[in-house]
Structure formats: C-alpha cells, structure tokens
C-alpha cells in the first residue's frame, strides 16, 4: 500500500461516509472493490478458488474504518470463514486522511503443551499507517508451507483425518464420555482423529447446531488439522449437513452415518449385509434433496404434459422399491431363523444369549467357554451376525450359547429396525447373560443403556445375569464400588477360564435349580497342558459342536 493509495482510499471513504474494502491478490493487484455502510462491509461469495486442503484463499482484505478502532471480531470471523491470507484495517482520521493500521492472519496448529487455550489467529498492534511494512505475500506463503507440513504428517494407510464435534445441552462430563465413544467409533472406521471440539449450549442452533463463533473455530480447527472429514456426535438434518459442509468446505457426517459405515464394513453374512443395506436406504431416503423444476422430466401423452416426474422423485421411488425388496428378503430369513429356533425348542436344548454393550467382551467369553474362534477384537461392533455354539457340561447337560450384536447408546432408529431379525434370537433365549465392561470409565451408563434397550424390546421378563467382565483391570477401590452398586454382578475375566466357573454355576442354577452343584466346573481348555486323569475325562465328556 503506497502513500498515494492510502490517502486516496481514506479520502474516498471519508467523503462517502462508508467503509471501502479491497480484495488484493499476492501480486498486489486489486481483484474486487466492496463498498459498505458507515459501520461494516458485506463480502460477496468468493467461491472455492484455491480454498482447499492446506491452502489459503490467495487474497488479502484491506478495508477502512471511519472510527479509530482496530480490527473487529466480525473482521476476524470473515478472515476465518473465507480463509483469507490476511485482513487489514486502515482507520480514517477526522481530517479525512489515513490514521493507523492493524492486520491479522491465521496460525498453524500450536503444539502448546502448557494447557493454555490459544487463539487460532495472530493480531498485530495498531501502528501509524506508514509504519506497517509487513510483506503479506511472503507471510501467506510461509503460512501455507507450515500448513502443508502438517498435512504431510498424516498417518499412512489410514482412511482419512477427522475432526470430532460434540454440541449439546448436557453437562461436560457427559459430553466428554460421549466424545470418547465417538473417537472409538472413528478408530473402528479407520479414521485418524486429528482434533476434537465440544460446546455446551442452552439451545441448539437449528441451522448449524453450533453458534457462529464456534463454527468459525471449527473452520480454523479443520484447516489447522488438515482434516478431510468432520464427524458430529449427533444426528443432523439434511439442511444442517449442507450448511456445515458449506461452512467447513469438508465432508460432514453425523454419528448415524459413521455407525452405518462401520456396519457396512463388518457385515459378513447375507443377512447382515441385507440389514445394513436396509438401514442405509432408510437413512438416505429423507436426505434426498432436489433443486426445483430444473430436475423435472417431461412426460408424453395425454395428461402427461408439463413438469413430470423429477429426478428427485425417481430416486426416491427407486429407494422405496429397494427397501420393499430387501424387507421381503429379510422376512424370509426371519422365517428360516424361526424354524431353527423351533427345532432347538423341540430338542429341549436351553439357549443362553450373551448381550451387552459393544466391545464388552461377549465374543471373547464365547470363545473361552466353547473353544471357538469367533472374531474378537478390541473394537466396537466386531460382531454383527449372531453366532451360536453348543457346549455340553457333565451329565449330558447341553446348552446353546449365542453371541449377538453389541448395543450402543443413541443407536440409529434405522439400525434398530433393520437388526430386529438379528435380535429376535434373544426372544428364544432361556437366560440372558448381560456382559458388561466393568473397567470402562462409563460402565454404569453402559449397563443402564443395555437395560433400557432390553426393556424397550420387551425382554425384561427373561431371567438375566450380570457378568462384570474385565474385573482384572479394576483397582481395589473400583472393585469395591462395583460390588456396592451391583451386588448381583458376577466378577470375571473372559480370557481366564478359571474365573468363569461362578458364571457357569449361576447359568445352570438359573436353568435348573435342582442341578447338583458338585460337578459344575468348567472343563479345561483343549490346549491346556499338565492336566490330570480327571481333567482328561472331562475333556472327553465335553465336545463342542458348531450349530450355525
């Protein structure tokens, strides 16, 4: 900005009694002139030129203030939302001449480490206009280089980097627990969590969930973290998804979409894949949004003239037709499962179903009890399809043990309906074993969530046992607290066979109170060494047979 330019800009602004803004590229050329009113200017839509990845807009905003005040919060928000190289203000004196100058620019992510909350931008001091010798082009290029170095540090082989966002009216500790669960879901989906953001509000913004200031902070967080994706820990409306996507210039998804993606990746059987596809279609249907008559297709013939079936209507009709077809196929699968359950009931083999929160250790418990090799991972929703194994205890006491899909708080209603066929396995159970992760920080909330789901499914009448898994991860205070809260709980570690005997006793006692307690001990593991003669006899008496 030469002295002549500064004086001309100040004189024009003073003579019009309006703010004047210039958008200047890195070669110093004015790309746009914006004239506002006495207190503000309104910047137009700038499109997405250059504004991608770790790049800035390539434009600096220089505008006048008719007061001696420096940069306003609105100026800083414009810089954040538009991803400008910098924003600079030139104050106009009472005589119509240039006064003082101040500028601001974005900052790359600060490592910090001192726990201090840092602003995402740097603001210079107000100085006399002719003493500001900042090289804005060099400053913007250095900032882009720093942002690019951050992007180069991405994890190789991952699905992408995500910023996780939680906005609600809940207390902070509830928000933190929910955000931690969302981070576990993101890890299961193959995402790298680049940053997290929380906000407690009195009322949710119907347009963007969060307030304007927090939305600006999210935009900076996304830019600094080099994120590809923003995941919200709630269910978003189609309008909110669109508005947030436009604001962040990133793909935005909600918790339901993330869970649906995990289910789609992990479904293995025909039934599981159909259930996931049905849930995805039901979620997608209300999110199909058209753009008016531009998508209209004309129909020929009498009565068909004028706007016909739009592209949007065709898409919705096809989705509904597919939902009908998949629902019919799932109905057939439910019938076949019902016949299998009827055969089991006729054989008078009792069924014990393992239920519980996702990643509580149900599959590990099934493997340990039956010497099976069902997939068991330290990830959410490792099991999606029901798996049954027959286990025979002494005196020809046989039990069918069924592993089911894990529960989770705020499970999308589309998934609740789609997995009804899977959860029908629970209706045929004689005993439910509620497996809980006793060592989880939110163990109480998870146990309560499972109990509510079982009540909603009208399964609360089935006899139920509470297995407090991962007992070995608790210290003495934690064990005392769990005993006081859940006196009926059975402590165990699903990986340690010896710790499971109290659970087996409780299961068989529940199935048949008259069963002799003397012989109710688990057979040794088939690969266990150092067994005595009695143990060898037990191993021969306890074959494990695959049912499904």
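Numbering (our numbering), first residue to last: 43 to 590.
Each residue gets a CB set at the ideal place from its N, CA and C atoms; glycine is no exception.
It should be emphasised that the depicted structure is a prediction, and the values quoted were computed from it without experimental measurement.
Relative to the alpha-carbon of residue i, which residue among the options has its alpha-carbon at the smallest distance?
i	options	result
residue 364	404, 322, 377	322
residue 288	277, 264, 302, 303	264
residue 447	136, 491, 398, 360	398
residue 292	302, 275, 269	269
residue 392	522, 285, 441	441
residue 550	490, 255, 183, 475	475
residue 241	214, 229, 230	214
residue 36	116, 543, 149	Past the boundaries of the shown model lies residue 36; the chain is included only from 43 to 590, so the question cannot be answered.
residue 183	115, 98, 295, 64	98
residue 254	410, 554, 378, 122	122
residue 543	45, 243, 410	410
residue 552	528, 508, 519, 518	508
residue 45	136, 172, 366, 378	172
residue 106	71, 70, 86, 65	65
Rounded to whole angstroms, what's the CA-CA distance from residue i to residue j? Just pull it up for me.
i	j	result
residue 499	residue 248	32 Å
residue 283	residue 233	19 Å
residue 60	residue 84	12 Å
residue 134	residue 74	21 Å
residue 188	residue 328	41 Å
residue 413	residue 541	15 Å
residue 515	residue 536	12 Å
residue 174	residue 168	9 Å
residue 445	residue 525	26 Å
residue 453	residue 548	31 Å
residue 161	residue 57	36 Å
residue 109	residue 119	20 Å
residue 477	residue 221	23 Å
residue 224	residue 202	15 Å
residue 481	residue 403	11 Å
residue 272	residue 252	14 Å
residue 76	residue 130	14 Å
residue 407	residue 124	53 Å
residue 493	residue 260	36 Å
residue 235	residue 484	21 Å
residue 146	residue 81	19 Å
residue 226	residue 281	27 Å
residue 394	residue 370	29 Å
residue 521	residue 362	51 Å
residue 545	residue 372	35 Å
residue 62	residue 211	41 Å
residue 246	residue 490	26 Å
residue 100	residue 487	49 Å
residue 531	residue 243	37 Å
residue 302	residue 267	25 Å
residue 164	residue 216	33 Å
residue 510	residue 529	11 Å
residue 114	residue 296	33 Å
residue 506	residue 473	6 Å
Following the continuous beta strand (DSSP E) through residue i, name the residue where it begins and the one where it ends.
i	result
residue 74	72-77
residue 234	233-242
residue 133	128-134
residue 106	101-107
residue 207	202-210
residue 63	62-67
residue 111	It is not in any beta strand (DSSP E) - residue 111 carries neither H nor E in the DSSP assignment.
residue 220	Here residue 220 belongs to no beta strand (DSSP E); instead the alpha helix (DSSP H) covers 214-230.
Between which residues of its own chain and residue i is the CB-CB distance below 7 Å, once the five residues before and five after are set aside?
i	result
residue 179	68
residue 257	250, 289
residue 139	49, 52
residue 495	449
residue 170	142
Note the first and the last residue of the continuous alpha helix (DSSP H) segment covering residue i.
i	result
residue 123	115-124
residue 412	404-412
residue 50	45-58
residue 448	Unbroken run through residue 448: none, as it is neither H nor E.
Near residue i, which residues of its chain fall below 6 Å by C-beta distance, leaving aside the five closest residues on each side in sequence?
i	result
residue 43	none
residue 313	375
residue 128	102, 145, 147, 178
residue 306	318
residue 294	272, 283, 286, 287
residue 207	239, 274
residue 390	none
Return the chain-ordered list of same chain residues with a C-beta closer than 8 Å to the C-beta of residue i, the five sequence neighbours on each side being excluded.
i	result
residue 28	Because the chain here runs from 43 to 590, residue 28 falls outside it and cannot be looked at.
residue 368	316, 319, 320, 323
Does any CB atom of chain D fall closer than 9 Å to the CB of residue i?
i	result
residue 125	Within the model displayed, chain D is absent; a lone protein chain is all it includes.
### Query
Mind pulling the alpha helix (DSSP H) runs of 4 or more residues that sit fully within the stretch 468-522?
485-498
### Task
Give, in chain order, every unbroken run of the beta strand (DSSP E) that is at least 3 residues long and sits entirely within the stretch 243-307.
271-274, 293-296
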